[in-house]
Every structure is written in C-alpha cells, then in structure tokens.
Amino acid sequence: MDGPFATALSLIASGDPALMQIISLSLRVTLTAVLIACVIGLPLGAALALARFIGRGALIVVFNALMGLPPVVAGLIVYLMLSRSGPFGSLGLLFTPSAMIIAQTLLILPIVVSLTRSVVEDLWVEYREQLHSLGAGRLRAVPTLLWDGRVSLLTGVLAGFGRASAEVGAVLIVGGNIAGHTRTMTTAITLETARGQLGLAVALGIILMTLTLSLNAAAWGAGQWARGRLG
Amino acid sequence: MTQCRRSPLLGFASGLAMLAALPAGAQDFITVASTTSTENSGLFEHLLPMFQAETGIEVRVVAQGTGQALETGRRGDVDVVFVHARAQEEQFVADGYGVQRFNVMYNDFVLVGPDNDPANVRAATDVSAAMAAIADASAFFASRGDDSGTHVAEMELWRAAKITPEGSWYLSTGSGMGATLNTASQVPAHALTDRGTWLSFENRGPLEIVFEGDDVLFNPYGIIAVNPEHHPHVKVGQAQVFIDWLVSEEGQAAIASYTVNGEQLFFPSAE
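Below, the structure is given as structure tokens:
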C-alpha cells in the first residue's frame with residue numbers, strides 16, 4: 001500500500017474534481033467567515049477597548065470565555081436557530097454553505113474581538129498623549145490604532161482562520177457533510193476515517209495542513225515586508 | 232486586511248448579501264436524511280448519479296444514525312428519510328410526520344469479532360447463543376450506542392438473549408458504523424454491523440465475521456417522504472419522484488447492481 005504522502009501527492013497531481021471542489025468550498029467558507037468576523041470584530045473590539053460603559057467588564061469576560069466555545073456547541077446553536085422548526089427556519093439555510101459560514105463566524109468572532117481589544121487597549125495607553133495633542137479623540141483614534149496594531153491583529157485573524165478551518169464539529173452538524181455541496185476537508189477526513197480508508201484520510205489531512213501552512217507563510221511574509229518597508 | 236476596516240454597517244450588509252448569494256445554483260434538489268451505514272457503504276455514490284441523469288433532480292444526502300435521521304425529518308429539515316428501524320419508521324408515519332413507508336431493500340447484520348474467536352462465538356447455532364457466548368466470556372463488544380438502526384437491532388438481540396449488556400467488556404462508542412468498526416478492530420472487540428458497511432470497510436485488522444445467517448439478522452431499509460401537512464415547505468413532489476424511482480424496476484436493478492469486491496451489498500425488496 002502507498003503511504004499517505006504518496007496518496008496526497010497523487011490526489012493533488014490528478015486534479016481530482018471532487019477534491020478540488022472540497023478544497024475550494026473549505027476555503028470559501030472559512031475565508032468568508034474570517035472576513036465577516038473581521039468586519040464585525042475589529043470595530044467591536046476597538047469599541048470595547050476605548051469606550052467606557054456599564055457592563056463593559058462583563059462583556060470583555062464573556063468574549064474572552066467565548067474563545068473556548070466548543071465548536072460542536074456553536075454548531076448545535078446554529079442548527080437549532082436555522083432548523084425548519086427554529087426561529088430562522090423559513091430562510092432554508094440549514095445544510096448549506098451559508099449555515100457553515102455562520103457557525104464558523106461564531107467561532108472566529110470572539111478571537112478577533114478579544115485580540116483587537118487587547119491590542120488597541122495597549123496602543124491607546126502608549127499613544128494617548130500624542131493623539132490628544134493632535135486633537136484626536138477616542139473615536140477618531142480607532143483607525144490609527146487598528147492600523148498601528150495590524151501585525152498583531154493579523155496574528156489574531158490567522159488564529160481565527162486556523163480554528164475555523166481545523167474544526168469539524170460545527171460544520172458537520174449544520175452542513176451535513178453532503179457530497180459536492182457541504183463536504184469540507186475536515187468532514188471528508190471524518191468520513192474517510194469512518195470508511196476505514198485511513199490512508200486517504202491522512203492524505204486529506206496533509207493537503208489541509210499544506211494549505212494552512214502556505215496561507216500562514218504568505219501572511220508572515222506580508223507582515224515582514226510591511227515591517228521592513230515602514231520601519 | 233483593508234476589507235476589515237470598513238464601517239461595521241457596510242460590512243454587515245455585504246456579509247448578508249454574500250450569504251444570500253451563496254446557496255444559488257441547482258434549485259432542483261431534495262435533501263435526504265439517511266444512515267451512516269448506507270453512506271459508508273458507498274451506495275449513494277453509485278445510485279445518485281443515475282437518478283440525477285434521468286430526472287435532473289439533485290439528491291443531497293445527510294448521513295446520520297436512524298434515530299437522528301428521523302428527528303431531522305420530524306423537524307422538517309429534510310424532504311425524505313431513508314433508514315432502517317422498522318418499528319420507529321412506522322411510528323414516524325403513525326405520528327403524521329411521514330406520508331407513507333415503502334420497502335426499498337435489505338441486507339443483513341453480521342457479528343464480527345477477533346479471528347482467534349476468544350468467546351467461541353463460531354460454535355453458536357443461533358444469534359442469541361452467539362450474544363450469550365460473548366457476554367459469558369466477558370469478551371469485548373463495541374456498541375454503536377447512538378440510537379441508530381444498528382444500535383436498536385443490537386439492543387433487541389441482547390433482549391432476546393435475556394442479557395443486560397454492562398461491564399467493562401461492553402464499550403458504547405456513541406458513534407457511527409465506521410467509527411465503531413475502527414474501535415472494534417483496535418481493541419479488538421466484537422461488533423454488530425450491517426454487511427454493506429463491513430464489505431466496504433478497509434481497516435479490519437484482526438476482525439472477521441464470526442456469526443451470520445440467522446433470520447433475526449434481517450435488516451430492511453424503508454423510505455418515507457416527510458409529510459407536507461406538518462412542514463409545508465417540503466418538496467413532496469420531487470421526493471415522491473425519488474421514492475418512485477427507487478422502488479421502480481430500474482431503481483431496484485440499480486441497487487442490485489452495486490457490488491464491492493464482487494459481492495452484492497443490498498437486495499431489492501420493493502413490492
């Protein structure tokens with residue numbers, strides 16, 4: 001029997017359409033979830049860092065704790081929400097890629113919010129005087145602070161991407177692992193393991209890790225480049 | 232990263248627009264809740280392309296245990312359930328969640344266990360004696376433990392043998408058929424499995440079939456369209472096209488023609 005590395009290589013080399021479809025769906029779902037989590041999470045995290053309101057402490061603790069939300073629980077919540085018998089059932093989103101994006105956003109959002117808050121809070125302490133002297137209040141300082149903390153924030157976003165692309169519990173429940181429709185890298189690995197096709201399962205795992213590695217390398221390279229260029 | 236700094240409102244709106252755009256594509260599809268045993272056996276990969284070529288209807292299969300599949304049907308999240316636990320299926324129809332149950336096919340359950348047969352199961356003359364031999368020897372037994380059709384059948388076998396399976400030898404895995412067989416092959420333990428999953432399962436380790444052939448091990452699969460009276464959105468028309476095709480001469484022949492390593496996995500049984 002060929003080793004899993006050989007299987008992985010021949011799978012990629014053959015350009016198997018089913019595999020390509022699984023890879024593109026996995027990336028589409030996770031990258032969309034990352035994007036949505038950024039759009040909501042960066043301003044929300046910055047607001048938590050700079051605004052002062054009652055319940056702010058509690059909110060910070062809740063978002064920190066949600067970083068440990070078990071994916072299967074996130075999946076279950078989204079399942080109950082989107083099920084035809086649930087409050088958003090009429091949208092017909094269960095067992096679609098959209099349902100998987102919602103579940104993964106739920107997993108990534110706490111990471112983006114908590115990390116953004118922490119980064120912005122530190123930068124605010126550091127630059128408060130300077131920003132004040134330029135006449136920038138808390139609100140107007142947000143874009144500057146986010147831009148200044150972009151390298152640290154990128155790490156957080158990558159952690160979010162990692163969490164979402166590696167998890168199987170949530171997408172299995174809300175996506176249903178439907179062949180050609182909601183089958184991702186991780187649910188395909190689960191299925192091939194269940195079939196006793198362990199070599200193929202490991203091969204898929206190698207491909208997933210290679211993708212994750214490439215993405216992280218690209219992000220790191222971009223960070224280094226930005227650092228070098230902007231000092 | 233530049234996208235990440237847009238205003239929250241704009242971002243939220245574009246996110247929703249993206250979500251709404253995603254499910255586009257084939258509108259002519261039905262969703263079927265079926266069992267891990269049919270999915271793991273590879274039957275759907277054989278059947279569905281034929282059905283789609285003929286009718287243009289895409290069938291999306293969600294593989295769950297029978298208990299979970301029926302629950303998914305009760306919630307209205309699928310159009311059809313295709314499962315194997317006759318009493319529960321009839322209850323599903325009697326409760327008004329399903330339209331009507333159709334026989335589709337059957338295979339049988341087999342007992343697998345370590346090839347050195349520590350509990351001397353091979354000497355058993357019927358399946359009750361086989362189960363008793365395993366319990367008496369306290370030989371490892373890996374159970375699905377997930378309210379699936381296979382698990383329900385297993386519990387009936389223990390009841391018929393007047394045994395309450397408990398003790399350190401009884402391993403309730405709470406997972407699908409393939410995952411349970413993976414556990415059984417490593418322990419090694421006995422397990423009850425449908426023949427289809429067993430024949431297509433590749434990580435057998437020391438496991439072999441140690442008991443088979445008792446009439447009690449007959450494993451019939453039924454198919455039921457979810458009742459639109461409960462869930463008006465279900466695609467009952469297309470669901471019925473799928474059911475009609477499966478029980479037609481052509482569908483039945485397609486089921487019979489599915490083999491793994493030259494062995495037929497499922498036997499047509501539509502009336």
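Chains as they are written, first to last, in my numbering: chain E, 1 to 231; chain L, 232 to 502.
We treat Cβ as the ideally placed atom computed from N, Cα and C, and that holds for glycine.
For clarity, every value in this text was computed on a predicted model and none was experimentally measured.
Not a single CB atom of chain L sits nearer than 9 angstroms to the CB of N216(E). Comparing alpha-carbon positions, the option among R435(L), A410(L), M362(L), D378(L) lying closest to W400(L) turns out to be M362(L).
A residue is called buried once 16 or more other Cβ atoms fall within 10 Å of its Cβ, and T182(E) is buried on that count.
Not one beta carbon of chain L lies nearer than 9 angstroms to the beta carbon of H132(E). Of all residues in the stretch 289-309 of chain L, the ones placed with a Cβ closer than 9 angstroms to any Cβ belonging to chain E are E289, R291, V292, V293, A294, Q295, T303, R305, R306, G307, D308, V309, in chain order. Annotation: Cβ neighbours of S431(L) in chain E (cutoff 9 angstroms, chain order): R195, G196.
Among the CB atoms of chain E, none fall inside 9 angstroms of the CB of F442(L). Shown here, D377(L) sits in coil according to DSSP, grouped into three states, outside any helix or strand. Distance from V491(L) to G273(L) at the Cβ level is roughly 7 angstroms; contact confirmed, criterion being Cβ atoms closer than 8 angstroms.
Boundaries for E460(L): no alpha helix (DSSP H) harbours it, and the DSSP string shows neither H nor E there. The residue among L208(E), S83(E), R163(E), V72(E) with its C-alpha nearest the C-alpha of T184(E) is L208(E). D357(L): not part of any beta strand (DSSP E); DSSP gives it neither H nor E. Counting C-beta pairs with one atom in each stretch, the stretch 300-307 of chain L and the stretch 454-468 of chain L have three or more that are closer than 8 angstroms, which means they touch.
Taking CB atoms only, N338(L) has no neighbour in chain E less than 9 angstroms away.
With a cutoff of 9 angstroms on beta-carbon distance, V441(L) and V343(L) are scored as near each other. Scanning chain E for C-beta atoms nearer than 7 angstroms to the C-beta of N271(L) yields A194, R195, reported in chain order. Under a criterion of Cβ atoms nearer than 9 angstroms, the residues of chain E adjacent to N413(L) are, in order, T193, A194, G196, L198. Where Q331(L) is concerned, the enclosing beta strand (DSSP E) starts and stops at 329-345. Residue state for I365(L) is assigned as helix, using DSSP reduced to three classes. Inclusion of V478(L) and F323(L) in the CB contact set at 9 angstroms is not warranted, their separation being larger than that value. Distance from the Cα of W220(E) is smallest, within the candidate group L131(E), S26(E), V157(E), for V157(E). Looking from the CA of L109(E), the closest CA among T193(E), V168(E), P43(E) belongs to P43(E). Sixteen is the threshold: since fewer than 16 other Cβ atoms of the shown chains lie within 10 Å of the Cβ of H132(E), the residue is exposed.
When 9 angstroms is used as the limit between beta carbons, A410(L) is near these residues of chain E: T190, T193, A194, in chain order.
With distances taken between CA atoms, V72(E) lies nearest to A170(E) out of A170(E), V174(E), A217(E). Under the three-state reduction of DSSP, V418(L) is assigned to coil, being neither helix nor strand.
Sequence-ordered contacts of the stretch 14-32 of chain E with chain L read T32 [C-beta pairs closer than 7 angstroms]. Cβ neighbours of L76(E) within its own chain (closer than 7 angstroms, five residues either side excluded): I173.
If you look at E439(L), you'll find it in the beta strand (DSSP E) that goes 438-442.
When Cβ-Cβ separations below 9 angstroms define contact, R435(L) makes contact with chain E. Between the stretch 431-446 of chain L and the stretch 345-358 of chain L there are three or more C-beta pairs closer than 8 angstroms, enough to call the two in contact.
Counting every other CB atom within 10 Å of its CB across the protein chains shown gives W225(E) a total below 16, marking it as exposed. For H462(L), the neighbours in chain E by C-beta distance under 7 angstroms run, in chain order, R84.
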